[in-house]
Amino acid sequence: MNEFLSELNFNFDESFSVVNYIINMISCGVLLFILSLVYVRYGKSLSNRHQLGRVLILVGVTTFIIISIVKSSLALSLGLVGALSIVRFRTAIKEPEELAYFFMAIALGLGLGANQLLPTLIGFVFLCLIIIATSKSNSASSMTQNLLLAMPCKKESESKAIEEVSSIVMQHADQVDVKRIKMADGNLNMNFLVNLSSIDKISELNNTLLAQFEDLQLTFIDQDN
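Using our numbering, the letters of the sequence shown map in sequence onto residues 33 to 257.
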(Lines of atoms letter the chains of each structure in order from A and count residues from 1; the text may use other names and numbers.)
(Lines give C-alpha, C1' and ligand atoms only; values in the text may rest on other atoms or scores of the structure.)
Protein backbone atom coordinates (compact mmCIF):
# COMPACT_ATOMS: atom_id res chain seq x y z
CA MET A 1 0.00 0.00 0.00
CA ASN A 2 2.81 2.37 0.89
CA GLU A 3 4.53 1.64 -2.42
CA PHE A 4 1.32 2.43 -4.30
CA LEU A 5 0.90 5.74 -2.47
CA SER A 6 4.51 6.66 -3.15
CA GLU A 7 3.92 6.13 -6.87
CA LEU A 8 1.07 8.66 -6.72
CA ASN A 9 3.24 11.25 -4.96
CA PHE A 10 3.29 14.64 -6.70
CA ASN A 11 6.89 15.42 -5.77
CA PHE A 12 6.05 19.11 -5.47
CA ASP A 13 9.39 19.90 -3.81
CA GLU A 14 11.23 18.64 -6.89
CA SER A 15 9.04 19.69 -9.81
CA PHE A 16 6.79 22.52 -8.64
CA SER A 17 8.02 26.12 -8.83
CA VAL A 18 5.85 28.75 -7.19
CA VAL A 19 7.55 31.52 -9.17
CA ASN A 20 6.92 29.82 -12.53
CA TYR A 21 3.35 29.05 -11.52
CA ILE A 22 2.63 32.69 -10.66
CA ILE A 23 4.31 33.95 -13.84
CA ASN A 24 2.33 31.51 -15.98
CA MET A 25 -0.94 32.33 -14.23
CA ILE A 26 -0.45 36.09 -14.69
CA SER A 27 0.55 35.53 -18.32
CA CYS A 28 -2.51 33.36 -18.84
CA GLY A 29 -4.81 36.01 -17.39
CA VAL A 30 -3.27 38.78 -19.52
CA LEU A 31 -3.43 36.77 -22.76
CA LEU A 32 -7.01 35.71 -22.07
CA PHE A 33 -7.99 39.32 -21.40
CA ILE A 34 -6.43 40.31 -24.73
CA LEU A 35 -8.29 37.42 -26.40
CA SER A 36 -11.60 38.66 -24.98
CA LEU A 37 -10.88 42.17 -26.33
CA VAL A 38 -10.05 40.72 -29.75
CA TYR A 39 -13.31 38.75 -29.74
CA VAL A 40 -15.41 41.78 -28.74
CA ARG A 41 -13.71 43.97 -31.36
CA TYR A 42 -13.43 41.60 -34.30
CA GLY A 43 -16.01 38.89 -33.60
CA LYS A 44 -18.98 38.64 -35.95
CA SER A 45 -21.31 36.79 -33.61
CA LEU A 46 -24.75 38.35 -33.13
CA SER A 47 -24.91 37.27 -29.49
CA ASN A 48 -23.65 39.31 -26.53
CA ARG A 49 -19.92 39.37 -27.24
CA HIS A 50 -19.03 41.17 -23.99
CA GLN A 51 -20.58 38.40 -21.91
CA LEU A 52 -18.89 35.64 -23.90
CA GLY A 53 -15.59 37.51 -23.65
CA ARG A 54 -15.75 37.24 -19.85
CA VAL A 55 -16.57 33.53 -20.12
CA LEU A 56 -13.47 32.97 -22.27
CA ILE A 57 -11.28 34.25 -19.42
CA LEU A 58 -12.91 31.89 -16.91
CA VAL A 59 -12.60 28.90 -19.26
CA GLY A 60 -8.93 29.59 -19.98
CA VAL A 61 -7.91 30.13 -16.34
CA THR A 62 -9.83 27.02 -15.25
CA THR A 63 -8.03 24.98 -17.93
CA PHE A 64 -4.70 26.39 -16.72
CA ILE A 65 -5.40 25.34 -13.13
CA ILE A 66 -6.51 21.84 -14.14
CA ILE A 67 -3.46 21.23 -16.33
CA SER A 68 -1.13 22.60 -13.63
CA ILE A 69 -2.57 20.04 -11.20
CA VAL A 70 -2.74 16.94 -13.37
CA LYS A 71 0.45 17.34 -15.44
CA SER A 72 2.65 15.95 -12.65
CA SER A 73 0.57 12.85 -11.95
CA LEU A 74 -0.37 10.09 -14.36
CA ALA A 75 -3.02 8.86 -11.93
CA LEU A 76 -4.73 12.25 -11.78
CA SER A 77 -4.58 12.59 -15.56
CA LEU A 78 -6.30 9.23 -16.02
CA GLY A 79 -8.83 10.16 -13.35
CA LEU A 80 -9.63 13.42 -15.15
CA VAL A 81 -10.19 11.56 -18.43
CA GLY A 82 -12.52 9.14 -16.65
CA ALA A 83 -14.47 11.96 -15.01
CA LEU A 84 -14.89 13.88 -18.27
CA SER A 85 -16.01 10.72 -20.07
CA ILE A 86 -19.17 10.56 -17.95
CA VAL A 87 -20.04 14.27 -18.22
CA ARG A 88 -22.67 15.16 -20.80
CA PHE A 89 -22.06 18.66 -22.13
CA ARG A 90 -24.98 20.82 -23.17
CA THR A 91 -24.07 24.22 -24.58
CA ALA A 92 -25.78 27.25 -26.09
CA ILE A 93 -22.94 27.79 -28.58
CA LYS A 94 -24.64 28.42 -31.92
CA GLU A 95 -21.88 29.70 -34.18
CA PRO A 96 -18.56 28.13 -35.27
CA GLU A 97 -16.76 31.38 -34.44
CA GLU A 98 -17.71 31.07 -30.76
CA LEU A 99 -16.39 27.51 -30.68
CA ALA A 100 -13.11 28.63 -32.27
CA TYR A 101 -12.57 31.26 -29.56
CA PHE A 102 -13.32 28.70 -26.85
CA PHE A 103 -10.65 26.44 -28.35
CA MET A 104 -8.21 29.36 -28.31
CA ALA A 105 -8.95 30.02 -24.63
CA ILE A 106 -8.48 26.33 -23.82
CA ALA A 107 -5.24 26.24 -25.83
CA LEU A 108 -3.86 29.16 -23.79
CA GLY A 109 -4.75 27.36 -20.57
CA LEU A 110 -3.20 24.12 -21.80
CA GLY A 111 0.03 25.71 -23.01
CA LEU A 112 0.68 27.85 -19.95
CA GLY A 113 -0.50 25.12 -17.58
CA ALA A 114 2.15 22.88 -19.14
CA ASN A 115 4.76 25.65 -18.60
CA GLN A 116 5.18 26.32 -22.33
CA LEU A 117 5.12 30.12 -22.24
CA LEU A 118 7.11 30.95 -25.38
CA PRO A 119 5.36 28.55 -27.83
CA THR A 120 1.99 29.60 -26.44
CA LEU A 121 2.81 33.30 -26.78
CA ILE A 122 4.06 32.91 -30.37
CA GLY A 123 0.99 30.90 -31.37
CA PHE A 124 -1.36 33.40 -29.73
CA VAL A 125 0.22 36.40 -31.49
CA PHE A 126 0.04 34.55 -34.81
CA LEU A 127 -3.66 33.74 -34.34
CA CYS A 128 -4.46 37.34 -33.38
CA LEU A 129 -2.74 38.59 -36.53
CA ILE A 130 -4.79 36.16 -38.62
CA ILE A 131 -8.03 37.34 -36.96
CA ILE A 132 -7.21 41.02 -37.53
CA ALA A 133 -6.10 40.43 -41.14
CA THR A 134 -9.22 38.45 -42.05
CA SER A 135 -11.42 41.01 -40.32
CA LYS A 136 -9.86 43.85 -42.33
CA SER A 137 -10.48 41.96 -45.55
CA ASN A 138 -14.18 41.66 -44.74
CA SER A 139 -16.62 44.55 -44.65
CA ALA A 140 -15.12 46.81 -42.02
CA SER A 141 -18.27 48.91 -41.80
CA SER A 142 -20.54 46.02 -40.78
CA MET A 143 -22.72 46.94 -37.81
CA THR A 144 -24.81 44.81 -35.46
CA GLN A 145 -28.15 46.39 -34.57
CA ASN A 146 -30.86 45.36 -32.14
CA LEU A 147 -34.09 45.99 -34.09
CA LEU A 148 -37.26 46.42 -32.01
CA LEU A 149 -40.60 46.41 -33.85
CA ALA A 150 -44.10 47.03 -32.54
CA MET A 151 -47.34 47.36 -34.49
CA PRO A 152 -51.08 46.79 -34.09
CA CYS A 153 -52.09 43.40 -35.45
CA LYS A 154 -55.17 41.20 -35.33
CA LYS A 155 -54.74 37.67 -34.07
CA GLU A 156 -55.80 36.12 -37.37
CA SER A 157 -53.24 38.25 -39.27
CA GLU A 158 -50.32 37.49 -36.97
CA SER A 159 -48.66 34.77 -39.09
CA LYS A 160 -48.88 36.84 -42.27
CA ALA A 161 -47.46 39.95 -40.56
CA ILE A 162 -44.55 37.99 -39.06
CA GLU A 163 -43.74 36.47 -42.45
CA GLU A 164 -43.85 39.83 -44.26
CA VAL A 165 -41.74 41.66 -41.67
CA SER A 166 -39.17 38.86 -41.51
CA SER A 167 -38.93 38.76 -45.29
CA ILE A 168 -38.22 42.51 -45.51
CA VAL A 169 -35.63 42.37 -42.73
CA MET A 170 -33.79 39.44 -44.36
CA GLN A 171 -33.72 41.23 -47.72
CA HIS A 172 -31.79 44.18 -46.27
CA ALA A 173 -29.60 42.52 -43.60
CA ASP A 174 -26.49 40.39 -44.05
CA GLN A 175 -27.35 38.31 -40.97
CA VAL A 176 -30.62 37.98 -39.05
CA ASP A 177 -31.26 36.37 -35.67
CA VAL A 178 -34.85 36.37 -34.36
CA LYS A 179 -34.70 36.92 -30.59
CA ARG A 180 -38.33 37.45 -29.60
CA ILE A 181 -41.85 37.45 -31.06
CA LYS A 182 -44.79 38.27 -28.82
CA MET A 183 -48.47 38.99 -29.48
CA ALA A 184 -50.25 40.85 -26.66
CA ASP A 185 -53.26 43.18 -26.42
CA GLY A 186 -53.63 43.46 -30.18
CA ASN A 187 -49.98 44.43 -30.68
CA LEU A 188 -47.26 42.40 -32.36
CA ASN A 189 -43.79 42.87 -30.86
CA MET A 190 -40.71 41.51 -32.62
CA ASN A 191 -37.03 41.68 -31.70
CA PHE A 192 -34.26 40.95 -34.24
CA LEU A 193 -30.48 41.07 -34.08
CA VAL A 194 -29.42 42.17 -37.55
CA ASN A 195 -26.03 42.74 -39.18
CA LEU A 196 -26.11 45.65 -41.63
CA SER A 197 -23.25 46.70 -43.90
CA SER A 198 -23.78 50.48 -43.73
CA ILE A 199 -25.87 53.37 -42.45
CA ASP A 200 -27.61 53.47 -45.83
CA LYS A 201 -28.83 49.91 -45.28
CA ILE A 202 -30.36 50.96 -41.97
CA SER A 203 -32.15 53.83 -43.69
CA GLU A 204 -33.38 51.57 -46.50
CA LEU A 205 -34.71 48.99 -44.06
CA ASN A 206 -36.39 51.71 -42.01
CA ASN A 207 -38.10 53.27 -45.05
CA THR A 208 -39.22 49.93 -46.50
CA LEU A 209 -40.82 48.80 -43.25
CA LEU A 210 -42.60 52.12 -42.69
CA ALA A 211 -43.87 52.13 -46.28
CA GLN A 212 -45.31 48.63 -45.86
CA PHE A 213 -46.71 49.11 -42.34
CA GLU A 214 -47.95 52.64 -41.59
CA ASP A 215 -48.56 52.07 -37.86
CA LEU A 216 -45.23 50.35 -37.28
CA GLN A 217 -42.95 51.64 -34.53
CA LEU A 218 -39.31 50.60 -34.81
CA THR A 219 -36.11 51.26 -32.89
CA PHE A 220 -32.49 50.50 -33.80
CA ILE A 221 -30.05 49.95 -30.91
CA ASP A 222 -26.32 49.66 -31.70
CA GLN A 223 -24.93 46.41 -30.27
CA ASP A 224 -21.29 47.20 -31.02
CA ASN A 225 -21.05 49.99 -28.45
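We put the beta carbon where it would ideally sit given N, CA and C, even for glycine. Because the structure is a prediction, the values reported are computed rather than measured.
Own chain residues within Cβ distance below 7 Å of residue i, not counting five before or after
{"i": "Leu142", "result": "Thr95, Ile99"}
{"i": "Leu144", "result": "Asn56, Ser59, Cys60, Phe96, Thr152"}
{"i": "Asn147", "result": "Asn52, Asn56"}
{"i": "Leu149", "result": "Asn56, Ser59"}
Outcome for residue i when other beta-carbon atoms lying within 10 angstroms are tallied against a minimum of 16
{"i": "Glu1", "result": "Here the chain covers residues 33 to 257 and nothing more, so residue 1 does not appear."}
{"i": "Asn80", "result": "exposed"}
{"i": "Lys233", "result": "buried"}
{"i": "Val62", "result": "exposed"}
{"i": "Ala216", "result": "exposed"}
{"i": "Leu161", "result": "exposed"}
{"i": "Leu237", "result": "buried"}
{"i": "Leu69", "result": "exposed"}
{"i": "Leu242", "result": "exposed"}
Inter-residue spacing [alpha-carbon to alpha-carbon] between residue i and residue j
{"i": "Ala172", "j": "Val157", "result": "The pLDDT assigned to Ala172 is 48, lower than 50, so where the model puts this residue is not dependable, and the model offers no usable value."}
{"i": "Val93", "j": "Ser77", "result": "23 Å"}
{"i": "Ser235", "j": "Phe252", "result": "10 Å"}
{"i": "Glu246", "j": "Arg73", "result": "37 Å"}
{"i": "Ser189", "j": "Leu248", "result": "15 Å"}
{"i": "Ile164", "j": "Val50", "result": "35 Å"}
{"i": "Lys214", "j": "Val226", "result": "18 Å"}
{"i": "Ser198", "j": "Leu159", "result": "37 Å"}
{"i": "Met202", "j": "Cys185", "result": "21 Å"}
{"i": "Leu228", "j": "Ile54", "result": "44 Å"}
Contacting residues, own chain, Cβ-Cβ under 6 Å from residue i (five flanking each side not counted)
{"i": "Thr240", "result": "Ile200"}
Same chain only: Cβ atoms within 8 Å of residue i, ignoring 5 sequence neighbours per side
{"i": "Ile118", "result": "At Ile118, the pLDDT of 49 sits below 50, so the modelled position is not reliable and the matter cannot be decided from this model."}
Is the region 132 to 141 in contact with the region 77 to 92, if contact means three or more CB pairs nearer than 8 Å? Touching, per the Cβ criterion.
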